[in-house]
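Here is the structure we will look at.
Put into structure tokens, the structure is as follows:
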């Protein structure tokens, strides 16, 4: 079947499958049990995990690490690649050390992530503003910009105190596709199956603004629990994981 929405859905499905497979191949094999967590980023460095398009955790019980690492990166300025292996207990102590009521701005879409990234790069390029620590992405907390969501210290601490099964259930409940996606999902799956069976194919320009906007607004979120005990959270690179986390935290009554 033809149509912008169906073509965009097919592209999204294929890319999302590739991202999940890549993270699992890199992180999950028994020869690499030392890999506790990983992420897939659309552009730039490994920043706040909730602003990436996919994360992996070797232990599903530590999925709240996404929030903890995000806080340490956004509030204290630490590079996530250097803090990713910290224990949840140590990360919690870092967050607890922030003053009551402290908050950070979360980029709710990929365009805002890119804006923040450009600011960080420009800041790091100037002698007057570059980080004073080798393990820092910037000096202290990141400045919020218009369009950012708000994440408070108290919300992160409450999420860390939430039983992992409850948090995972909330994430799964929040990963339900929207009506627009469900309206084309079956047709997209049937088209993929028909093509594999030898049906005629055609070329489509998946870079058109209509295709991109559909994916940006409607690409689904996946919460994939692995037989190894790990978990992958993922969406298309045109989106971030924050809407998934935001909905889950709201469902649990943790958004302050």
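Residue numbers (the working numbering): 65 to 320. For every residue, glycine included, the Cβ atom is placed at its ideal position computed from N, Cα and C.
(request) In the DSSP assignment, find the unbroken alpha helix (DSSP H) run with residue 83 in it and report its ends. (result) Counted as a single uninterrupted DSSP element, the alpha helix (DSSP H) harbouring residue 83 occupies residues 68 to 91.
(message) For a quick check, are the C-beta atoms of residue 286 and residue 153 less than 8 Å apart?
(response) Against a cut-off of 8 Å, the Cβ pair of residue 153 and residue 286 comes out as no contact.
(message) For the beta strand (DSSP E) containing residue 215, name the first residue and the last one.
(response) Note, residue 215: beta strand (DSSP E), 213 to 216.
(request) Have a look at 191, 163, 127 and flag the residue whose alpha-carbon is nearest the alpha-carbon of residue 205. (result) Ranked by Cα distance from residue 205, the first of 191, 163, 127 is 163.
(message) When you compare the segment 224 to 236 with the segment 303 to 315, are there three or more beta-carbon pairs, one atom per stretch, that lie closer than 8 Å?
(response) These segments touch.
(request) Starting from the C-beta of residue 300, find all residues in its chain whose C-beta is less than 7 Å away, skip the five residues before and the five after it, and write them out in chain order. (result) Cβ within range, chain order: 76, 79, 80, 117, 279, 283.
(message) Taking the alpha-carbon of residue 212 as reference, which of 182, 66, 173, 294 has the nearest alpha-carbon?
(response) Considering only alpha carbons, the answer is 173.
(request) Give a yes or no on contact between the segment 86 to 96 and the segment 133 to 145, applying the rule of three or more CB pairs nearer than 8 Å. (result) In short, these stretches do not touch, since the Cβ pair count stays below three.
(request) Check the C-beta distance from residue 187 over to residue 202 and give it rounded, since I have them as a contact under 8 Å. (result) Confirmed, Cβ separation roughly 6 Å.
(message) Please report the straight-line C-alpha distance between residue 176 and residue 217, rounded to a whole angstrom.
(response) Between residue 176 and residue 217, the C-alpha separation is close to 21 Å.
(request) Have a look at residue 327 and residue 143 and give me their C-alpha separation to the nearest angstrom. (result) Past the boundaries of the shown model lies residue 327; the chain is included only from 65 to 320, so the question cannot be answered.
(message) If you reduce the DSSP assignment to three classes, tell me which class residue 174 lands in.
(response) In this structure, residue 174 counts as helix in the three-state DSSP scheme.
(request) Identify every run of the alpha helix (DSSP H) within the segment 93 to 163, keeping only runs that are complete inside it and at least 4 residues long; order them along the chain. (result) List check, alpha helix (DSSP H) in window: 129 to 135, 144 to 147, 152 to 160.
(message) Suppose the cutoff is 7 Å on Cβ atoms and the five residues either side in sequence are ignored; what does the same chain contact list for residue 268 look like?
(response) Leaving aside the five residues that flank residue 268 on each side, the residues in its chain whose CB is nearer than 7 Å to its CB run, in chain order, 71.
(request) Determine, using beta carbons only, whether residue 51 and residue 132 come nearer to each other than 8 Å. (result) Lying outside 65 to 320, the shown extent of the chain, residue 51 is not represented and no answer is given.
(message) Whole angstroms are fine: how far does the CA of residue 210 sit from the CA of residue 41?
(response) Nothing about residue 41 can be reported from this structure: the residues present for the chain run from 65 to 320 only.
(request) Mind checking which residues open and close the alpha helix (DSSP H) that includes residue 277? (result) Element bounds for residue 277: 273 to 282.
(request) May I have the straight-line CA-CA distance separating residue 271 from residue 256, to the nearest angstrom? (result) Roughly 19 Å between the two C-alpha positions.
(request) Identify, in the order they occur along the chain, each residue of the same chain with its Cβ nearer than 6 Å to the Cβ of residue 148, setting aside the five sequence neighbours on each side. (result) So the list reads 101, once near-sequence residues are dropped.
(request) Whole angstroms is fine: what's the gap from residue 182's alpha carbon to residue 165's? (result) Cα to Cα, the separation comes out at about 28 Å.
(request) Within the same chain, show all residues whose beta-carbon is closer than 8 Å to that of residue 277, passing over the 5 residues directly before and after it, in chain order. (result) Around residue 277: no qualifying Cβ.
(message) Can you find the residues in the same chain that come closer than 7 Å, C-beta to C-beta, to residue 178, ignoring five residues on each side of it along the sequence?
(response) Counting only Cβ-Cβ distances below 7 Å, and skipping sequence neighbours, we find 107.
(request) May I ask which residues mark the beginning and end of the beta strand (DSSP E) holding residue 297? (result) Run containing residue 297: 295 to 298, per the beta strand (DSSP E) assignment.
(message) For a quick check, are the C-beta atoms of residue 241 and residue 254 less than 8 Å apart?
(response) Contact: no.
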